[in-house]
Amino acid sequence: MPGQSFQRIVTLSELLNATLKQQLNEMPHLTVESEDLDRLIIEVKALDKEQETLRGRLGEMIRLRKDAERRGTDLRSRIAAQLRGKLGFSNENLAAYGIKARKRERKKPTTERPIPTTVPPASPVQ
Numbered sequence: 025m026p027g028q029s030f031q032r033i034v035t036l037s038e039l040l041n042a043t044l045k046q047q048l049n050e051m052p053h054l055t056v057e058s059e060d061l062d063r064l065i066i067e068v069k070a071l072d073k074e075q076e077t078l079r080g081r082l083g084e085m086i087r088l089r090k091d092a093e094r095r096g097t098d099l100r101s102r103i104a105a106q107l108r109g110k111l112g113f114s115n116e117n118l119a120a121y122g123i124k125a126r127k128r129e130r131k132k133p134t135t136e137r138p139i140p141t142t143v144p145p146a147s148p149v150q
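Here you go:
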């Protein structure tokens, strides 16, 4: 039944089964199907309950994983800071630890611009 929610399907199955049980005296040929529907409803409810349990466990696992990631980032940052302090911020050996070394500053060539000695006359305002 595409387009219907799981809960709606279970509710409709329970309604069908309850109504069918009342009519089994008149339609005994549906007894086996009614028993199958009983078992199926029990199985589906158990699976739904297990899914909810696993969904809760998944949320807990995600929270624990994010906490571990945060602690790992903090620890890596502290170790990297100590290595930078020990080896120097620009030491290229930091790359062996997966830490980027600070780039060396480039010295820009100094080009002096000539300073104008005369100020051009102001143009008259019109």
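Letter by letter, the sequence shown follows residues 25 to 150 of the numbering used here. Ideal placement from N, C-alpha and C gives every residue a C-beta, glycine not left out. Computed from a predicted model, the values in this text were never measured in an experiment.
Extent of the continuous alpha helix (DSSP H) to which Q47 belongs: Counting from 1 along the sequence shown, the entry for residue 47 is found at position 23. Segment: none, Q47 is in no alpha helix (DSSP H) and carries neither H nor E.
Anyone know if the C-beta pair for L99 and Y121 falls short of 7 Å? By one-based count along the sequence shown, residue 99 stands at place 75. By one-based count along the sequence shown, residue 121 stands at place 97. For L99 and Y121, no; Cβs fall outside 7 Å.
Please check the pair N156 and D62, which I expect to be a contact at CB under 8 Å, by giving their CB distance rounded to whole angstroms. The structure shown does not extend to residue 156, since the chain is modelled only from 25 to 150, so the question has no answer here.
Any beta strand (DSSP E) of 3 or more consecutive residues that is wholly inside the segment 71-129: none
Can R130 and S114 be called in contact, C-beta distance under 7 Å? For the purposes of this step, residue 130 is identified with residue 106 of the sequence shown, where counting begins at 1. For the purposes of this step, residue 114 is identified with residue 90 of the sequence shown, where counting begins at 1. No, these two residues do not count as a Cβ contact at 7 Å.
As assigned by DSSP and simplified to three states, the class of M25: To locate residue 25, count along the sequence shown from 1; it is residue 1. Bear in mind that the predicted position of M25 carries a pLDDT of just 46, short of 50, making it unreliable; the figure below should be weighed with that in mind. In the structure shown, M25 sits in coil (DSSP, three-state: anything other than H, G, I, E or B).
Confirm, please, whether the CB-CB distance from I123 to A104 is below 7 Å. Walking along the sequence shown from the start, residue 104 turns up at place 80. Walking along the sequence shown from the start, residue 123 turns up at place 99. For A104 and I123, yes; Cβs fall inside 7 Å.
Candidates E84, L36 and T134: which alpha carbon is nearest L64's? Here residue 64 refers to the residue found at position 40 when the sequence shown is read from its first residue. Nearest C-alpha to L64: L36.
Below 6 Å, is the gap between the Cβ of I66 and the nearest heavy atom of the ligand MG? The ligand MG is not part of the structure shown, which contains no ligands of any sort.
Roughly how far, in whole angstroms, is the beta-carbon of D60 from the beta-carbon of F30, given that I think they are within contact range, below 8 Å? On the sequence shown, position 36 is the one that residue 60 refers to. On the sequence shown, position 6 is the one that residue 30 refers to. Taking the Cβ atoms as the reference, D60 lies roughly 19 Å from F30, outside the contact range of under 8 Å.
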